[in-house]
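The structure appears below as C-alpha cells.
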Amino acid sequence: MANKQPTILKFGGTSVGDTKAFDRVASIILDRMEALPVVVVSAMSGVTDALLGSVRMAADGFIDEAIRSLEPDFERHLTVVKNLCNRETAEVGRTLDDARRSISSQLHLLSQQPRALRRLQDEIVSHGERLSAMVLTKVLRERGLAAAHVDARRCIITDEEHGCAGPLWPETELHTKAEVEPLLDDSIVPVLGGFIGATTSGLTTTLGRGGSDFTAALVGAALSAREIQIWTDVTGVLTADPRLVKSARTITRLSYAEAAELAYFGAKVLHPKTVHPAVDRGIPIRICNSRAPLETGTIIGHESEISPRGIKAIAHKTGITTLQISSGRMLGAYGFLRSLFEVFERHRTVVDVVTTSEVSVSLSLDNPSALSAILNDLEQLGTVEIENHRAIICVVGEGLRSTSGIAGRVFGTLRDINISLISQGASRINLTFVIDEAHVEEAVSRLHKAFFEADLEETGAGTETATYEGTVRTSS
Ligand code: ADP
Ligand code: ASP
Ligand code: MG
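Going by the working numbering, the first residue of the sequence shown is number 1027, and it counts up by one from there.
This is the structure:
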C-alpha cells in the first residue's frame, strides 16, 4: 500500500436509522476523502434487536410469526435505497430477497436443532450488518464515490465463542490487510459491516452487543490507521449518561485508561473492548456526532488533561447481581480465593467488582445467566447471600490518583444512600461502588451536580497532564 495511513470511520445504528441518516453519513464520508476513509457500519437501528427477537420466536416454535416480524425491517432498507438511489435498486431488491430466504431457512433449522441455536443465531443476526453495509455502499456509489462492500467475515477471524467471539489477532491482521489494502491502492472506499466475523473454518460469529466499535478498532489496528472515528448520536463521551443527566457535557480529552474504565462500567457510547487494539498501536480514537459533524467531540489517546474537579465522568451499569460468600475456612488459609474464582471460570462468568474481609468475599456480576449453577458450586465453599436489582456506579479520572478528598465528597453526596462493595480500581483512576438499582438516577444526578455543576474553586486542584502509564506532571 502507498505510504498513507487510512482513517476508520465507524457509524453506529443510530447514525444509519433512516434515509436522512444515510444521506448525512454519505456527506460525512465525502467530506473526508483526503483522510483515506475505511468505513465500518452497524446494522440500521433496531434491526439487531428485531433479528434476535425472531430467533426467540422461532425457538418457541412460532416460525411464521418470526419471519413475518422482520418484514418492516427489510422494507426500511429498500426505502432508503429507493429514496437515495436511481441505479442498482433492482439488485438491492434481489439481495434483500436472498437475505429473506436465508434467514427463513435458518429460522426453520433453528426450531429443529435447538443445540445449534448460538451458531444459527450468529448467522441470522449477521444479516443486519451485511445489509446496512450493502445499502451504504450503494448510496456512496450513487453519490459518485468509488466504494466496495467488503464482507467483514473475510477480515475478522475469531474463535468459536458464538455471540461473544474473540478475534484471533495474527489472522485478523493478515486477512484485513489482504482484503482492504488493494481497494485503498485503487482509491476505492471499503465499506465493512461491524460486529461480525468468522471462525477459521468459515462459521459466522458475532463480537457481542455493541461490537461494531470493536470491529473499527481491530480494522484500525490491522491497517495502522491514523485515527479511529466513532460516529454516534451524541457529541463525544459526556460527563454522565445523557439519558439520566440532561446537563451532561462533552469531555474534550480522555486517556485510554479513563475511556476503558468508563466503557467497562457502562458508558454505552464505546464498547469496552475498543480501547485495547488502539492502545497497542497508539492510534487515537475520536468520538463524533453524525448529526452535528462540525462539533468537536472527544479525543482519546495516551495523554489527557487532569480535570480540576479530579474526576472526568460518572458511569453506571444496572441489572447487577451481588453475591457474598462467607466461610470460616477462609481465615488464614491459602487457596480459598482460587477455589472461589475457579467456580466463575468454570461457568464462564465475568466478575466485575470484588471486595474481601477476613471471612467473606463480596462480588458483582452483570450476567446472571449461569447463576443457579454458580450458586450450587459456591455452596460447597460457604454460605452465600445474593442480592438482585443492584447498580454499579463508577467515577473516573486520572485526577483520582493525585487529588485528595474525592472519596469523601462522593460518599458525602450520597450519605443517605446505602453503599456496598466500595473499591478503587488497581489503575487508581476509578472509584466504584454498588447501590440499589432504584436509587441510581438520583445518585448519578447528585454526583453530577456536586462535581460538574458546583463551584470549581471548592476543589482547589490545578490543571495537569497525565499519560496512560500514569506519570503525572504539572503543566500549569
Ligand atoms: P451507536 O448506535 O452509535 O453505537 P450507542 O447507543 O451504542 O450508539 O451509544 C451512544 C449512546 O450511549 C448515547 O446515545 C447515550 O445515550 C449513551 N451513553 C451512555 N453513557 C454515555 C456517556 N458517558 N457519554 C455519551 N453517551 C453515553
Ligand atoms: N448491531 C449490533 C448491536 O446492535 C452491533 C452494534 O451496533 O455495534 O449490538
Ligand atoms: Mg454502540
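Cβ coordinates follow ideal geometry from the N, Cα and C atoms, glycine included.
6 Å Cβ shell around residue i - same chain, five flanking residues per side excluded
i, result
"residue 1209", "1174, 1216"
"residue 1165", "1048, 1052, 1110"
"residue 1327", "1310"
"residue 1068", "1038, 1039, 1220, 1238"
"residue 1236", "1297"
Rounded C-alpha distance that separates residue i from residue j
i, j, result
"residue 1224", "residue 1249", "19 Å"
"residue 1304", "residue 1255", "11 Å"
"residue 1092", "residue 1158", "20 Å"
"residue 1391", "residue 1315", "32 Å"
"residue 1360", "residue 1366", "12 Å"
"residue 1181", "residue 1430", "47 Å"
"residue 1325", "residue 1280", "6 Å"
"residue 1058", "residue 1070", "22 Å"
"residue 1185", "residue 1194", "7 Å"
"residue 1106", "residue 1044", "6 Å"
"residue 1375", "residue 1347", "12 Å"
"residue 1495", "residue 1283", "Unreliable positioning characterises residue 1495 in this predicted model, as indicated by a pLDDT of 33, which lies under 50. A coordinate reading is not provided."
"residue 1404", "residue 1177", "44 Å"
"residue 1413", "residue 1065", "43 Å"
"residue 1138", "residue 1088", "12 Å"
"residue 1339", "residue 1377", "23 Å"
"residue 1344", "residue 1311", "26 Å"
"residue 1409", "residue 1301", "38 Å"
"residue 1500", "residue 1331", "Low confidence applies here, because residue 1500 scores a pLDDT of 28, under 50, leaving its location unreliable and the question unanswered by this model."
"residue 1450", "residue 1457", "5 Å"
"residue 1264", "residue 1078", "29 Å"
"residue 1259", "residue 1383", "43 Å"
"residue 1030", "residue 1385", "58 Å"
"residue 1153", "residue 1135", "16 Å"
"residue 1081", "residue 1442", "44 Å"
"residue 1041", "residue 1369", "41 Å"
"residue 1341", "residue 1286", "11 Å"
"residue 1329", "residue 1114", "46 Å"
"residue 1247", "residue 1402", "42 Å"
"residue 1171", "residue 1056", "8 Å"
Closer than 7 Å: residue i CB and nearest the ligand ADP heavy atom
i, result
"residue 1038", "yes"
"residue 1216", "no"
"residue 1515", "Shown here, the chain extends from 1027 to 1502; a query on residue 1515 therefore has no answer."
"residue 1272", "no"
"residue 1113", "no"
"residue 1375", "no"
"residue 1050", "no"
"residue 1294", "yes"
"residue 1158", "no"
Cβ-heavy atom distance, residue i to the ligand MG, below 7 Å
i, result
"residue 1236", "yes"
"residue 1299", "no"
"residue 1124", "no"
Sequence-distant residues of the same chain with beta carbon closer than 8 Å to residue i, five excluded per side
i, result
"residue 1362", "1353, 1355, 1356, 1407"
Same chain, Cβ closer than 7 Å to residue i, five either side skipped, listed in chain order
i, result
"residue 1261", "1276, 1315, 1318, 1321, 1323"
"residue 1076", "1095, 1096, 1099"
heavy atom of the ligand ASP below 7 Å from residue i C-beta
i, result
"residue 1504", "The question about residue 1504 has no answer, for the chain in this structure spans 1027 to 1502."
"residue 1047", "no"
"residue 1192", "no"
"residue 1100", "no"
State whether the region 1422-1436 contacts the region 1281-1298, with contact taken as three or more CB pairs (one from each stretch) at a distance under 8 Å.
yes
May I ask you to verify whether the region 1253-1272 touches the region 1186-1198, counting CB pairs closer than 8 Å and requiring at least 3?
no
State whether the region 1138-1148 contacts the region 1227-1243, with contact taken as three or more CB pairs (one from each stretch) at a distance under 8 Å.
yes
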